[in-house]
Amino acid sequence: MGGRGTVLVTGAAGFIGSHLVERLARDGHRVRAFIRYNGRDDRGCLEWLEPDVLAQVEVVRGDLKDPEAVRRAVRGCSRVFHLGALIAIPYSYENPLDVIQTNVEGTAHVLNACRDSDSLDRVVLTSTSEVYGTAQRVPIDESHPLVGQSPYAASKIGSDALGIAYHRSFGTPVTILRPFNTFGPRQSTRAIVPTILSQALVGSTLRLGSLAPRRDLTEVSDTVAGFVGIAECDEALGRVVNIGRGSDVSIGELVELTGQVLGRRLSVETDPQRLRPATSEVGRLLADASLARRLFGWEPRVSLEEGLRRVADHLRAHPTRRVGHYAT
1 MGGRGTVLVT
11 GAAGFIGSHL
21 VERLARDGHR
31 VRAFIRYNGR
41 DDRGCLEWLE
51 PDVLAQVEVV
61 RGDLKDPEAV
71 RRAVRGCSRV
81 FHLGALIAIP
91 YSYENPLDVI
101 QTNVEGTAHV
111 LNACRDSDSL
121 DRVVLTSTSE
131 VYGTAQRVPI
141 DESHPLVGQS
151 PYAASKIGSD
161 ALGIAYHRSF
171 GTPVTILRPF
181 NTFGPRQSTR
191 AIVPTILSQA
201 LVGSTLRLGS
211 LAPRRDLTEV
221 SDTVAGFVGI
231 AECDEALGRV
241 VNIGRGSDVS
251 IGELVELTGQ
261 VLGRRLSVET
271 DPQRLRPATS
281 EVGRLLADAS
291 LARRLFGWEP
301 RVSLEEGLRR
311 VADHLRAHPT
321 RRVGHYAT
């Protein structure tokens, strides 16, 4: 990675953030991990890192809603990967203002701190394919209309718009990575892949929401490779770039594939609590990642089947550990 100095990762205690911290530390970078303070004073998914890796990481605690805490975290950094967010869509229905304050105002605090930094050469913001809403055309490229079908999606649309505006208005070196649905070890069991697998490992009948939505699923190591690649790409400055496999699967098909991976037949009962409001459910997400391939040579390396095996192995090895919906 071309930048010198410390690399900051916000949301480092979260699922993707912890994997990115691990990759950067193993690649030899000085990593500062910004995590959300809590009364237990734990380090979230960073606890999964090997002690020799975690020993290389400077952990700082704070809240994205506190501009001074963010400014202190950014100080002296050459690059910032901003993954911190409240990411649970059901939570955004219950507490939309909290999600807006964290995801939009929190991003503004990161951008303000980066704008004032003399040492910074790149800011990578994390978007989500949820900003597209249900696909109006497939595959979905970066010019697809943005539709906020949940408060979470709307907050990320606002966050992305701020990033582009700061680049255009102030020359802040912002680029935006827009992953489609990421899955892998350490992910909260609130997410669909570990939800299916954690239930399937203990029984043959699963309780799920709608089986119709289709998702483009990318294993977390491939998503992390996208972050590393876009941070090196000058052509990506001021742009949004998708990453995704370019193939989708319905939740029902994912259940069948999980059964094949585990070697058992699975059935499904509908859980009303897992159903989104009808006008808020995103029906289909299918990525066009051709821009990522062209700009920085990104390609997915892990098949869906192999990714499912990795999650299953992780859940078998750690059956009692669970991770919440905070990535900050």
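Going by the UniProt record's numbering, the final residue of the sequence shown carries number 328, and the count climbs one at a time with no gaps. Glycine residues also receive a C-beta, built at the ideal position from the N, C-alpha and C atoms. What you are looking at is a predicted structure, and each value in this text was computed from that prediction instead of being measured.
### Query
Looking at Asp98 and Ser127, is the spacing between their C-beta atoms short of 8 Å?
no
### Task
Sort out for me which residues DSSP pairs Phe296 with in a bridge.
Answer is none; Phe296 lacks a bridge partner.
### Task
Counting only runs of 3+ residues fully inside the stretch 110-172, write out the beta strand (DSSP E) ranges in chain order.
122-126
### Query
Rounded C-beta distance between Arg43 and Ala13? I'm assuming under 8 Å.
6 Å
### Query
Buried or exposed: Tyr166, going by 16 or more other Cβ atoms within 10 Å of its Cβ?
buried
### Message
Just verifying my parser: in three-state terms, what is the DSSP assignment at Val302?
### Response
coil
### Query
In angstroms, rounded to a whole number, what distance separates the CA positions of Val110 and Leu315?
34 Å
### Query
Between the Cα of Asn103 and the Cα atoms of Pro145, Ala113, Leu83, which residue gives the shortest distance?
Leu83
### Query
From Ser267 to Leu295, what does the alpha carbon distance come to, in whole angstroms?
43 Å
### Query
Thr107 by DSSP, collapsed to three states: which one?
helix
### Message
Buried or exposed for Leu291, going by 16 or more other Cβ atoms inside 10 Å?
### Response
buried
### Message
In this structure, how does DSSP classify Arg322 when only helix, strand and coil are distinguished?
### Response
The predicted model places Arg322 with a pLDDT of 45, which falls under 50 and marks its position as unreliable, so this point remains unresolved.
### Task
Out of Arg23, Glu142, Asp41, Gly76, state which residue places its alpha-carbon closest to the alpha-carbon of Asp52.
Arg23
### Message
Going by C-alpha to C-alpha distance, which of Leu254, Val249, Gly244, Glu235 sits closest to Ala289?
### Response
Gly244
### Task
Would you identify the three-state DSSP class for Arg265, choosing helix, strand or coil?
coil
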